[in-house]
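Colleague: Per this note's numbering, residue 14 is the first one in the sequence shown, and the count goes up by one each step.
From the three backbone atoms N, C-alpha and C, an ideal C-beta is built for every residue, glycine too.
All values derive from a computational prediction rather than experimental measurement.
Here it is, the structure in full.
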Amino acid sequence: AMAALDWAFRIARKAKIKIFVIIDEYDHFANDLIAMGSELGDDFYCDVVRVNGIVRDFYEKLKIASGDGVIGQTFITGISPVMLDDLTSGYNIATNYTIKKKYNEMIGFTCDEVNMIMNAVGIKPEQIDVDMEFYYNGYLFSEDATTTVYNSTMILYLFDHFLMTGKCPKELIDPNLSVDSQRLRRLCQNEKNRNISIQIIKDGGIVARLLEKFSIDNLVDEDYFVSLLFYMGLLTINGTSGNKTQLTIPNYSIQRIYWEQVRFFIAENSKLVLIDTSLLEKSINSIAIDGNINDFISYISKNVLSKLSNYDLQNFDEKYIKAVLLTYLILDDNYIPISESEVDSGRVDIFLQRNPKYSTAKYEWVLELKYCKTTTKKSEIDQKRKDGLDQLNAYLATRQLKDRPNLKSALLLFIGKNKYEIIENK
């Protein structure tokens, strides 16, 4: 490989032309090596990228050729800046443009661009029965930028299907996102990263220091893991907090990836096997068609919550219960489950919105969750019950919910991991 580069540079000098170098997925091998580190040995990555490793030699040759004027420009793309620190002395002539304001809209579609595409290919807005912003928008790549962008891959997936079939796809989330799900699962193999991901799922985001480059030496740092989630598109910028960045889950499609991780975590740590998933499907249908939520909560309590391990219980609270419920509600097409749905009086814990693509669901639901430990005093439980019902009444009186037809509501009060109450608001 090194000899081939030398040959190309000699030919370019003789012909008096400049070479334009394009390196795509430059960090692909690095991410794989990091993920397989325990199998390959702790020093394998360092041996490859440092001292006289092949990667370092490669970039040093590019640097020398750039200095000689043989290489006129080099353009490097990848998912993360994981190697930049390791290559600094070998290739310290590059500038990282990833989170510069000027390039915020470079790798996504703005709202105007989405409309332009639809107009160009003959798709009318009224033909799209999908909330594209809810599913595909929300990405912001610079703290100084204000224009969010749509995920271009997801939008093109939607439009491509529509142009071929005349209707939107049944599965609105691009199957290619399964790759991101697998990457997240691989990154969460250690307990620290797993706990951070659970925190993100529960809170809908996290405040962290967004790193522009990081070394293999600090991969265990929280800021590294969170930054990597940002570069992978699993988190996006939502503001600043002092010298740190507020990061959030960009849209519903990515949110589902996180919820699926909860289901995986629980199954893995609790050795949980859902023997009869038909009962789960039947219980969710009962929510939608009969307005009966009891069977679903009973199923989740018996088959999931009661089997949680001590590891899972470290994170057990209202937010964790909500995440668990959402991970199983998304398995059914009747609803689009919305976490922290905004209304005038606050945020609804879970709003089961009827899926507009499927008309089988008769009822929509507003769910308020409360949790008490088994050691909680009766007076405190009574107060939580009262607070929950008061919140439900306030939500139902808002302009967003008061006139919705066939809207039901319930307070779900969990006591420990084995007991619960369901109080429907009549």
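Buried or exposed: which applies to Met167, given that a residue is buried once 16 or more other Cβ atoms fall within 10 Å of its Cβ?
Modeller: Classification of Met167: buried, given that the 10 Å Cβ count is 16 or more.
Colleague: Return helix, strand or coil for Ile89, following the three-state DSSP convention.
Modeller: Reduced to three states, the DSSP call for Ile89 is strand.
Colleague: Could you pull the start and end residues of the beta strand (DSSP E) that Asn251 belongs to?
Modeller: It spans 249 to 254 - the beta strand (DSSP E) in which Asn251 sits, taken as one unbroken run.
Colleague: Can you check DSSP and say which residues form a bridge with Cys385?
Modeller: DSSP, once it has assigned bridges, lists Ile428 as partnering Cys385.
Colleague: Assuming Phe122 and Tyr148 make a contact with CB atoms under 8 Å, what is their CB distance in whole Å?
Modeller: Incorrect: roughly 13 Å between the Cβ atoms, too far for contact.
Colleague: Using 10 angstroms around the beta-carbon of Trp20, count the other beta-carbons present and answer buried if the total reaches 16, otherwise exposed.
Modeller: It is exposed - the Cβ of Trp20 has fewer than 16 other Cβ atoms within 10 Å.
Colleague: Assuming Tyr72 and Tyr104 make a contact with CB atoms under 8 Å, what is their CB distance in whole Å?
Modeller: The Cβ separation is near 4 Å, so the contact holds.
Colleague: With DSSP as the reference, label Pro188 as helix, strand or coil.
Modeller: Note: Pro188 maps to helix in three-state DSSP.
Colleague: Give me the Cα-Cα distance between Leu223 and Leu247, rounded to the nearest whole angstrom.
Modeller: Cα to Cα, Leu223 sits roughly 14 Å from Leu247.
Colleague: Where does Tyr163 sit, in a helix, a strand or coil, going by DSSP?
Modeller: Of the three classes helix, strand and coil, the one that applies to Tyr163 here is strand, per DSSP.
Colleague: I need the boundaries of the beta strand (DSSP E) containing Val220, first residue and last residue.
Modeller: First-last of the beta strand (DSSP E) with Val220: 218 to 221.
Colleague: Would Tyr376 pass as a contact of Asn419 if the rule is Cβ separation under 8 Å?
Modeller: Closer than 8 Å, so yes.
Colleague: To the nearest angstrom, how far is it from the Cα of Ile89 to the Cα of Phe33?
Modeller: One C-alpha to the other measures close to 11 Å.
Colleague: For Val127 and Val143, I'd like the C-alpha separation in whole angstroms.
Modeller: About 14 Å.
Colleague: Spatial neighbours of Ser422 within its chain, please: C-beta separation below 8 Å, excluding the five flanking residues on both sides.
Modeller: Within the same chain, Ser422 has close Cβ partners Trp378, Val379, Leu380, Glu381, Leu405, Tyr408, Leu409, Glu437, Asn438.
Colleague: Could you pull out every unbroken alpha helix (DSSP H) segment of at least 4 residues lying fully inside the region 288 to 356, listed in chain order?
Modeller: Listed in chain order, they are 290 to 298, 307 to 316, 323 to 326, 331 to 342.
Colleague: Nearest to Ile349 by CA position, among Ser240, Asp330, Gly218, Thr373, is which residue?
Modeller: It is Thr373.
Colleague: Alpha carbons only, please: which of Glu184, Glu235, Leu185 is nearest the one belonging to Asn208?
Modeller: For the residues Glu184, Glu235, Leu185, the minimum Cα distance to Asn208 belongs to Glu235.
Colleague: Counting contacts by CB-CB distance shorter than 8 Å, is Val83 in contact with chain B?
Modeller: No chain B is present in this structure, which holds just one protein chain.
Colleague: What does the Cβ neighbour count give for Ile106, buried or exposed, with the cut at 16 atoms within 10 Å?
Modeller: With fewer than 16 Cβ atoms within 10 Å of its Cβ, Ile106 is classed as exposed.
Colleague: Could you tell me the boundaries of the beta strand (DSSP E) in which Ile35 lies?
Modeller: Segment 32 to 36, the beta strand (DSSP E) holding Ile35.
Colleague: From the DSSP output, in three-state form, read off Leu409 for me.
Modeller: Reduced to three states, the DSSP call for Leu409 is helix.
Colleague: From the DSSP output, read off the bridge partner residues of Ser422.
Modeller: Its beta-bridge partners are Val379.
Colleague: Between Ser194, Ile214, Ile136, which has its C-alpha nearest Met177's C-alpha?
Modeller: Nearest C-alpha to Met177: Ile136.
Colleague: Quick check: Leu414 and Lys383, are their CB atoms within less than 8 Å of each other?
Modeller: Going by C-beta atoms, Leu414 is not nearer than 8 Å to Lys383.
Colleague: Can you tell me whether Glu38 is buried or exposed? The criterion is at least 16 other CB atoms within 10 Å of its CB, across all chains shown.
Modeller: So Glu38 ends up on the exposed side.
Colleague: Looking only at its own chain, which residues have a Cβ that is under 7 Å from the Cβ of Asn307, when we skip the five neighbours before and after it?
Modeller: Around Asn307: Ile435.
Colleague: Do three or more CB pairs link the region 353 to 370 to the region 260 to 276 at distances below 8 Å?
Modeller: No contact exists between the region 353 to 370 and the region 260 to 276.
Colleague: Please classify Lys390: does DSSP put it in a helix, a strand, or coil?
Modeller: Here Lys390 sits in coil by DSSP.
Colleague: Anyone know if the C-beta pair for Ser296 and Phe309 falls short of 8 Å?
Modeller: Cβ distance < 8 Å, so Ser296 and Phe309 count as in contact.
Colleague: If you follow the beta strand (DSSP E) that Leu365 is part of, which residue opens it and which one closes it?
Modeller: Here the beta strand (DSSP E) through Leu365 covers 359 to 367.
Colleague: On the CB-based measure, 16 or more other CB atoms within 10 Å of its CB, does Tyr244 come out buried or exposed?
Modeller: The residue is buried, with at least 16 neighbouring Cβ atoms inside 10 Å.
Colleague: If you run the structure through DSSP and keep just helix, strand and coil, what is Gln195?
Modeller: Three-state DSSP puts Gln195 in a helix.
Colleague: Measuring alpha carbon to alpha carbon, tell me which of Ser352, Tyr333, Thr340 ends up nearest Asn264.
Modeller: The candidate whose alpha carbon is nearest that of Asn264 is Ser352.
Colleague: Mind checking Glu225: buried by the 16 CB within 10 Å criterion, or exposed?
Modeller: Per the 10 Å Cβ criterion, exposed.
Colleague: From Ser358 to Thr411, what distance separates their C-alpha atoms?
Modeller: One C-alpha to the other measures close to 7 Å.
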